[in-house]
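K.L.:
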Amino acid sequence: MTSCAAFRQYVAAYVDGELVGEDRAGFEAHLGTCPSCRRLLEEEQTAAALLRSASPLHEAPAALRRRVDRILPPRRRELPLRPWLTVAAAAAALAATGLAARALWGPRPPADARPADVASAFAAMAADTHLRYARGQLPLEVQSDRPEQVSGWFSGRVPFHLALPDYPVGPGEQKFYRLEGGRLVSFRSDYAAYVAYRMDDQPISLLVTSASTVTPEGGSLVRSGTLTFHVESVAGLKVISWSDNGLTYALASDVAVEASRSCLVCHGSAAERRKVEPFPRRPGL
Amino acid sequence: MSDAEGGRASGGDGEEFRREAVACLDGLYGFALSLTRDRLIAEDVVQETYVRALAAHRKAAPGENMRAWLFTILHNVWRNERRRKQPTALEDAPGLADRLVAPGGDPERALERNETQDLVRGAIARLPESFREVVVLRCVEGFSYRDLANILGCPAGTVMSRLARARTILRRDLARPAAARNGAA
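Protein chains in written order, with numbering that gives the first Met the number 0: chain A, 0 to 284; chain B, 0 to 184.
(1) Does the region 53-60 of chain A come close enough to the region 26-37 of chain A that 3 or more CB-CB pairs lie under 8 Å?
(2) For the region 35-66 of chain A, list every residue whose C-beta sits within 8 Å of some C-beta in chain B, in sequence order.
(3) Between the region 11-23 of chain B and the region 45-57 of chain A, do at least 3 Cβ pairs fall closer than 8 Å?
(4) Kindly say whether residue 44 of chain B, judged by its beta-carbon, lies nearer than 8 Å to any beta-carbon of chain A.
(5) Output, in sequence order along the chain, the residues in the region 146-162 of chain B whose CB is closer than 8 Å to any CB in chain A.
(6) Pull up the DSSP beta-bridge partners for residue 208 of chain A, would you.
(7) Rounded to the nearest angstrom, what separates residue 170 of chain B and residue 126 of chain B at their Cα positions?
(8) Where does the unbroken beta strand (DSSP E) through residue 226 of chain A begin, and where does it stop?
(9) Thinking C-beta only, is residue 207 of chain A closer than 8 Å to residue 246 of chain A?
(10) In three-state DSSP terms, what is residue 218 of chain A?
(11) Can you name, in chain order, every residue of its own chain whose Cβ lies under 6 Å from the Cβ of residue 140 of chain A, other than the five neighbours on each side?
(12) In the DSSP assignment, what residue or residues form a beta bridge with residue 127 of chain A?
(13) Is residue 136 of chain A close to chain B? Criterion is C-beta to C-beta, closer than 8 Å.
(14) Helix, strand or coil: how does DSSP classify residue 127 of chain B here?
(15) Just checking my contact of residue 129 of chain A with residue 202 of chain A at CB under 8 Å: how many whole Å lie between their CB atoms?
(16) On a CA-only basis, which of A/158, A/73, A/22 and A/251 is nearest residue 212 of chain A? Give me that one, please.
(17) Does residue 76 of chain B have its Cβ less than 8 Å from a Cβ in chain A?
(18) So residue 140 of chain B contacts chain A; which residues on that side make the cut at Cβ distance below 8 Å?
(19) Could you tell me which residues DSSP pairs with residue 189 of chain A in its beta bridges?
(20) In chain A, what lies closer than 8 Å to residue 50 of chain B by C-beta?
(21) Given that a residue counts as buried once 16 or more other Cβ atoms are within 10 Å of its Cβ, and exposed if not, what is residue 163 of chain A?
(22) Using only CA atoms, which one of A/144, A/180 and A/192 lies nearest to residue 160 of chain A?
(23) When you compare only the Cα positions, how much space is there between residue 150 of chain B and residue 197 of chain A?
(24) Tell me the rounded alpha-carbon separation between residue 23 of chain B and residue 190 of chain A.
(25) Rounding to the nearest angstrom, what Cα-Cα distance links residue 43 of chain B and residue 155 of chain B in this structure?
(26) Is the beta carbon of residue 52 of chain B closer than 8 Å to that of residue 72 of chain B?
(27) Use the C-beta contact count for residue 26 of chain B: other C-beta atoms within 10 angstroms, 16 or more gives buried, fewer gives exposed.
(28) Can you find a C-beta in chain A that's less than 8 Å from the C-beta of residue 25 of chain B?
(29) Could you list which residues in chain B have their beta carbon closer than 9 Å to that of residue 21 of chain A, in chain order?
(30) So what's residue 39 of chain A in DSSP terms, helix, strand or just coil?
(31) Tell me which residues of the region 0-16 of chain A have at least one Cβ-Cβ distance to chain B shorter than 7 Å, keeping chain order.
(32) Helix, strand or coil for residue 150 of chain A, going by three-state DSSP, please let me know.
(33) Give a yes or no on whether the minimum CB-CB distance between residue 29 of chain B and chain A is below 8 Å.
(34) For the region 148-161 of chain A, list every residue whose C-beta sits within 9 Å of some C-beta in chain B, in sequence order.
(35) Show which residues of chain A have a CB atom less than 7 Å away from the CB atom of residue 22 of chain B.
(36) With residue 215 of chain A and residue 153 of chain A assumed to form a contact (beta carbons below 8 Å), what rounded beta-carbon distance in angstroms separates them?
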């Protein structure tokens, strides 16, 4: 009969799934009769699970990510986060007219709106993600208030390029919002980028994915320039979604956050607030 | 560049190459850090790995295992780098394991440290280099024994015996109370 010492040399290979054939069969037969080897195997499996759960062991620094990014072949196209600026500008302008709350979130839907309970899949996802994050059920995978660090973290993790904007505040100004970080969330068969902001202790969520995965639909349609914004009320939240330049975005916040305030995420400085575009007034609203 | 590097490249579309290469970045950096035990050197080794990979990619035939290929290049880069420089006293410097536990100079990153990762990083950092590399490649990155033998350029039997010894040390280290681990570091 083979001794325990002979079988113990197989423990590591067994845990790694590399023990095959007769050796494996013999080892498993021995395990059935030897509590000591079973205990050793369990300890080894526990340690292996612990080690595996630590992957990735280290996260590459943002500076290294940028260096590597420059070395690799250029992407076919860069997709900057311009549309968020536009929608924030649009919402800010609406709010400034005093019509925003009623036009966007009031009980009376505009003529071309779909029923309020028909949320687009992506808007519903944004609302759900926002609620889970607000309840503390969705831990961030990258925590940073530096846009380049959060953008860098998403690089290679999502199948599109995300460049979060950073608008420095002017002298004597305060930043009204704070970038908190981001994480991956599953959407259909791919990952979407979830970005968390906070303003006056209220969370604001941005969800981004490729426009080939989903396009916004439903809600009130608001056009500004070449873009169409879908404005919806989902689960008591306000969600604005739109597509531009290959990406689809959804911005979710609590109704308690004024539309104009959520715009400060992009328009944190006085200089930026002056860039707010006039939003087309809707007749009858 | 070695044959192993040249023969395993994944050819084809540049966009695909970029995507796969970027997906390996964290793993490569972790492996480099476990080998070099120095963040700046690790970053340089990773960068050189990508430079070499790109050069090989442009002339190589399509291959299958791009991830293992990148790790092979990185190991070769580090081996050459170390050959040029004399081994330093870093290997056994007191407190080095603890310095490697901290995930970076950024205080925010320090705050988000994951306890499990710290525990594992510390335990791996306390291993000798020949054990560290097999543990990171197998236990953290999940490579097969065959991949390990290719990446490290050594027989599979050597890989297995190193792994078995490394696992014994790790198992005991991870089971010890935190105070005892810190005292030994």
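Cβ coordinates follow ideal geometry from the N, Cα and C atoms, glycine included.
Since the model is a prediction, treat every value here as computed from it, not as a measurement.
P.N.:
Let me lay it out:
(1) no
(2) 42, 43, 46, 47, 49, 50, 51, 52, 53, 54, 55, 56, 57, 58, 59, 60, 62, 63, 64 and 66
(3) no
(4) no
(5) 159 and 162
(6) A/247
(7) 12 Å
(8) 226-233
(9) yes
(10) coil
(11) 182
(12) DSSP, once it has assigned bridges, lists no residue as partnering residue 127 of chain A.
(13) no
(14) coil
(15) 7 Å
(16) A/158
(17) no
(18) 54
(19) A/186
(20) 70
(21) buried
(22) A/192
(23) 45 Å
(24) 17 Å
(25) 29 Å
(26) yes
(27) buried
(28) yes
(29) Per Cβ cutoff of 9 Å: no residues; residue 21 of chain A is ~17 Å from chain B at best.
(30) helix
(31) 8, 11, 12 and 15
(32) helix
(33) yes
(34) 148, 154, 155, 156 and 158
(35) 155
(36) Not quite, the Cβ-Cβ distance comes to about 21 Å (not below 8 Å), so this is no contact.
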